[in-house]
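Asks: Those letters in the sequence shown? Residues 11 to 460, by my numbering. By construction, the Cβ of each residue, glycine as well, lies at the ideal position given by its N, Cα and C atoms. Right, I'll just put the structure down here and ask away after.
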Amino acid sequence: MMGIMLFLIGMLLMMSILNNKLMLLFMQNLMFMLNFFMFMFLLNMKYINYWLFMYMDYGVDKMSLMMILLSLWILSLMYLSILSMLKIYLKLFIIQMLMLSFSLLMFFISMNLLSFYLFFEMSLIPIFLMILGWGNQPERLQAGVYMFLYTLFFSLPFLIFLINLYLNFNTLMLFMFMMNKFILFNNLFMYMVMLMLFLVKLPIYMVHLWLPKAHVEAPVFGSMILAGVMLKLGGYGVMRIIFLLIYMNLKYNLMLIMFMMISSIIVSMLCIRQIDLKMLIAYSSIVHMGFMMVGVMSLFISGMKGGFIMMISHGLCSSGMFCLLNFNYKRMNSRNLLLNKGLGQFFSIMMMWWFMFCVMNMSAPPSLNLVSEIFLIISMMKFSNYMYMLIFLMAFFSGIYSIFLYSYSQHGKNYFFNYMFMFNTIDEYLLILLHWIPLNLFILNLNLLN
11 MMGIMLFLIG MLLMMSILNN KLMLLFMQNL MFMLNFFMFM FLLNMKYINY WLFMYMDYGV
71 DKMSLMMILL SLWILSLMYL SILSMLKIYL KLFIIQMLML SFSLLMFFIS MNLLSFYLFF
131 EMSLIPIFLM ILGWGNQPER LQAGVYMFLY TLFFSLPFLI FLINLYLNFN TLMLFMFMMN
191 KFILFNNLFM YMVMLMLFLV KLPIYMVHLW LPKAHVEAPV FGSMILAGVM LKLGGYGVMR
251 IIFLLIYMNL KYNLMLIMFM MISSIIVSML CIRQIDLKML IAYSSIVHMG FMMVGVMSLF
311 ISGMKGGFIM MISHGLCSSG MFCLLNFNYK RMNSRNLLLN KGLGQFFSIM MMWWFMFCVM
371 NMSAPPSLNL VSEIFLIISM MKFSNYMYML IFLMAFFSGI YSIFLYSYSQ HGKNYFFNYM
431 FMFNTIDEYL LILLHWIPLN LFILNLNLLN
């Protein structure tokens, strides 16, 4: 903890010495170096899946290490995305990024439920500031308020529940609850309080209204971290506490699974009628996170593995799609599907990248999305033989909106623009390539994700 604080103080001193461009390059290279060291740790933990490096209330296992790796990778790509974009308030942006990095890192290594909760809530503040500070529309204040109210409404009962938990068991350490299998909660109110805190952050259907608003008003780096990491905090939280809720889950999981499957199909159909490209990609995140929660709620090992792999794959895929959309927005000044039409005739290389990310979004090989959906479908068929119709409908509509997104934006005739735009830059190609590489090459060694 002291080392992290000294590092942050050193970074603030460094900011007062370096100019803006050098500071950005320094932060970007630092993040990629941290990624390299974390990946080395992951290779050493290939066949180990228990808590290591435990100190005070903090420790690391394979799941938390993979989420830290994903967070650092997306944060590195965020620095790369603003090289040619952010001109003002750069030091404020870097302070915000340091705060976000600190809260995400501490959340993923927390073994104490109280610090787990506090850093979970702390990570909201930098995202809120990104939306308010770098958003373009006056509606960004409404989007920020929606995000805060939805999260805080469900987080305060969870704090009361933690106090009650401590009074009853005299501990809030996660591994203590893991070792004591007899601690099972059979209170419906507690069950809903524990789940809803994390399900709002995913989000699931009916508490999802803050997500499209936040995505539409956020700048590209805000959408990257929101889709790439922040939505995964909810899934990670559910995976950590699900063993406390096994008794209630066995009682109510059929109801929840049916609700999430049907709601994912409804949101898939909503995606098909969107004309705002950012809203379409945001709604597709709700579909994928709903499917991920279906696997986790099934309580099968295959469902847990599939849900975890989907968190990693969707974080990279959706972040890459928001980057591709931003490349178009910088040239067209619009996210409207009617204006962003027939772009393949202007950006032929980007047309290829759009195709690759759209087919990865519908879980085509060799992406990690395919592996995750195979595991999730296996867990669903284990859970009930009658789920195949819902699985078919969800896969079908997911494929339709991905094909719709690609074909309408890249093909056809553009009646509004008949001249060539500025070409894509090297940093844009590098940014999209660094999304694609881990998303497709992790399939070569899936033991790292087990």
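Pick helix, strand or coil for F357, following the three-state DSSP scheme.
Replies: Your numbering for residue 357 matches position 347 in the sequence shown. Correct three-state label for F357: coil.
Asks: Could you spell out the range, first to last residue, of the alpha helix (DSSP H) harbouring G247?
Replies: The count along the sequence shown starts at 1 and reaches residue 247 at position 237. Where G247 is concerned, the enclosing alpha helix (DSSP H) stretches over L241 to I251.
Asks: Since G330 and F367 should fall inside the 8 Å C-beta cutoff, what is the C-beta to C-beta distance between them, to a whole number of angstroms?
Replies: By one-based count along the sequence shown, residue 330 stands at place 320. By one-based count along the sequence shown, residue 367 stands at place 357. That belief holds up - the Cβ atoms of G330 and F367 are roughly 5 Å apart, short of 8 Å.
Asks: Taking only the alpha-carbon atoms, compute the straight-line gap between D67 and L177 and give it to the nearest angstrom.
Replies: For this step, residue 67 is matched to residue 57 along the sequence shown. For this step, residue 177 is matched to residue 167 along the sequence shown. In a straight line, the C-alpha of D67 is about 18 Å away from that of L177.
Asks: Suppose contacts are defined by Cβ-Cβ distances below 8 Å. Is R341 in contact with L287 by that definition?
Replies: Translated into the one-based positions of the sequence shown, residue 341 becomes position 331. Translated into the one-based positions of the sequence shown, residue 287 becomes position 277. In this structure, L287 does not lie closer than 8 Å to R341 by Cβ.
Asks: Just to confirm before moving on: does the CB-CB distance between V277 and Y293 stay below 8 Å?
Replies: Here residue 277 corresponds to residue number 267 of the sequence shown, with the count starting at 1. Here residue 293 corresponds to residue number 283 of the sequence shown, with the count starting at 1. Result yes, Cβ atoms of V277 and Y293 sit closer than 8 Å.
Asks: Between L198 and S323, how many whole angstroms is the CB-CB distance? I'm expecting something under 8 Å.
Replies: Your numbering for residue 198 matches position 188 in the sequence shown. Your numbering for residue 323 matches position 313 in the sequence shown. L198 to S323, Cβ: 33 Å. No contact.
Asks: Please state the DSSP three-state secondary structure of Y60.
Replies: Position 50 of the sequence shown, counting from 1, holds the residue named residue 60. Coil, per DSSP.
Asks: CA-CA distance, L440 and E149?
Replies: Counting from 1 along the sequence shown, the entry for residue 440 is found at position 430. Counting from 1 along the sequence shown, the entry for residue 149 is found at position 139. About 32 Å.
Asks: In its own chain, which residues sit with a C-beta less than 8 Å from the C-beta of L90, not counting the 5 before and 5 after it?
Replies: Here residue 90 refers to the residue found at position 80 of the sequence shown. Once the five neighbours on either side are set aside, the close Cβ partners of L90 are Q38, D437, L440, L441 and L444.
Asks: Under 8 Å, with one C-beta from each stretch per pair, do the segment 240 to 249 and the segment 203 to 214 reach the 3-pair mark?
Replies: Yes, the segment 240 to 249 touches the segment 203 to 214.
Asks: Kindly identify the DSSP beta-bridge partner or partners of Y68.
Replies: Stepping through the sequence shown from its first residue, residue 68 is reached at position 58. Its beta-bridge partners are Y65 and S120.
Asks: Hey, F332 and I291: beta-carbon distance below 8 Å or not?
Replies: One-based indexing of the sequence shown puts residue 332 at position 322. One-based indexing of the sequence shown puts residue 291 at position 281. Yes, they are a contact pair.
Asks: Using a 10 Å radius around the Cβ and a threshold of 16 neighbouring Cβ atoms, would you call Q152 buried or exposed?
Replies: Start at 1 with the first residue of the sequence shown, and residue 152 comes out as number 142. It is exposed - the Cβ of Q152 has fewer than 16 other Cβ atoms within 10 Å.
Asks: Are V217 and Y160 closer than 8 Å when you measure CB to CB?
Replies: Your numbering for residue 217 matches position 207 in the sequence shown. Your numbering for residue 160 matches position 150 in the sequence shown. Yes, the pair counts as a contact, with Cβ atoms nearer than the cut-off.
Asks: How is N178 classed by DSSP in three states: helix, strand or coil?
Replies: Here residue 178 refers to the residue found at position 168 when the sequence shown is read from its first residue. Three-state DSSP puts N178 in a helix.
Asks: Compare the Cα-Cα distances from L40 to each of L85, W61, V70 and L80 and report the closest residue.
Replies: The count along the sequence shown starts at 1 and reaches residue 40 at position 30. Nearest C-alpha to L40: L85.
Asks: State the Cα-Cα distance for the pair L102 and F168, rounded to the nearest angstrom.
Replies: One-based indexing of the sequence shown puts residue 102 at position 92. One-based indexing of the sequence shown puts residue 168 at position 158. Rounded to whole angstroms, L102 to F168 spans 32 Å at the Cα level.
Asks: Quick one: what's D437 bridged to in DSSP?
Replies: Locating residue 437 in the sequence shown gives position 427, counting from the first residue. The partner list for D437 (beta bridge, DSSP) is empty, contrary to what the question assumes.
Asks: Look up N455 in the DSSP assignment and say whether it is helix, strand or coil.
Replies: Along the sequence shown, one-based indexing puts residue 455 at 445. Coil, per DSSP.
Asks: Using only alpha-carbon positions, find the residue among Y127, I447 and G232 that is nearest to N146.
Replies: Position 136 of the sequence shown, counting from 1, holds the residue named residue 146. If we check each option's Cα against that of N146, G232 comes out closest.
Asks: What alpha helix (DSSP H) runs, 4 residues minimum, are completely inside the segment 359 to 397?
Replies: Qualifying alpha helix (DSSP H) stretches, in chain order: 378 to 393.
Asks: Between the alpha carbons of N424 and L349, how many angstroms are there, rounded?
Replies: For the purposes of this step, residue 424 is taken as the residue at position 414 of the sequence shown. For the purposes of this step, residue 349 is taken as the residue at position 339 of the sequence shown. Cα-Cα distance, rounded: 7 Å.
Asks: Judging by CA-CA distance, which residue of F357, L114, Y65 and L221 is the nearest neighbour of M76?
Replies: Position 66 of the sequence shown, counted from the first residue, corresponds to residue 76. The shortest C-alpha separation from M76 is found at L114.
Asks: Y396: buried (16+ other C-beta within 10 angstroms of its C-beta) or exposed?
Replies: For the purposes of this step, residue 396 is taken as the residue at position 386 of the sequence shown. Result: exposed.
Asks: Which class does N346 belong to by DSSP, given the choice of helix, strand or coil?
Replies: Position 336 of the sequence shown, counted from the start, is the residue given in the question as residue 346. It is a strand residue.
Asks: Taking buried to mean at least 16 other C-beta atoms within 10 Å of its own C-beta, is K261 buried or exposed?
Replies: Position 251 of the sequence shown, counted from the start, is the residue given in the question as residue 261. With fewer than 16 other Cβ atoms within 10 Å, it is exposed.
Asks: Just to confirm my understanding: we take M361, look at its own chain, exclude 5 residues before and 5 after, and list those with CB closer than 8 Å. What are they?
Replies: Position 351 of the sequence shown holds residue 361. So the list reads L353, G354 and Q420, once near-sequence residues are dropped.
Asks: Give the single residue among F163, M320, G325 and M202 whose Cα lies nearest to the Cα of W83.
Replies: On the sequence shown, position 73 is the one that residue 83 refers to. Of the candidates F163, M320, G325 and M202, the one whose C-alpha sits nearest the C-alpha of W83 is G325.
Asks: Considering only the beta carbon of each residue, do L79 and V70 sit closer than 8 Å?
Replies: Position 69 of the sequence shown, counted from the first residue, corresponds to residue 79. Position 60 of the sequence shown, counted from the first residue, corresponds to residue 70. For L79 and V70, no; Cβs fall outside 8 Å.
Asks: Using only the alpha-carbon positions, how far apart do I256 and R250 sit?
Replies: Mapped onto the sequence shown, residue 256 falls at position 246. Mapped onto the sequence shown, residue 250 falls at position 240. Rounded to the nearest angstrom, the two C-alpha atoms are 12 Å apart.
Asks: Buried or exposed for I104, please, with buried defined as at least 16 other CB atoms from any protein chain shown within 10 angstroms of its CB.
Replies: Stepping through the sequence shown from its first residue, residue 104 is reached at position 94. Burial call: buried.
Asks: Output needed for P213: all residues of its chain with C-beta closer than 6 Å, excluding positions within five of it in sequence on either side, in chain order.
Replies: Position 203 of the sequence shown holds residue 213. Taken in chain order, the residues that qualify are L221.
Asks: For P229, count neighbouring Cβ atoms within 10 angstroms of its own Cβ and tell me buried if that reaches 16, exposed if not.
Replies: Walking along the sequence shown from the start, residue 229 turns up at place 219. The residue in question, P229, is buried, as its Cβ has 16 or more Cβ neighbours within 10 Å.
Asks: State yes or no: is the C-beta of S382 within less than 8 Å of the C-beta of G238?
Replies: In the sequence shown, the residue the question calls residue 382 occupies position 372. In the sequence shown, the residue the question calls residue 238 occupies position 228. No, the Cβ-Cβ distance between S382 and G238 is not below 8 Å.
Asks: According to the neighbour-count rule (16 or more other Cβ atoms, all chains shown, within 10 Å of its Cβ), is Y477 buried or exposed?
Replies: Nothing about residue 477 can be read from this structure; the chain reaches only from 11 to 460.
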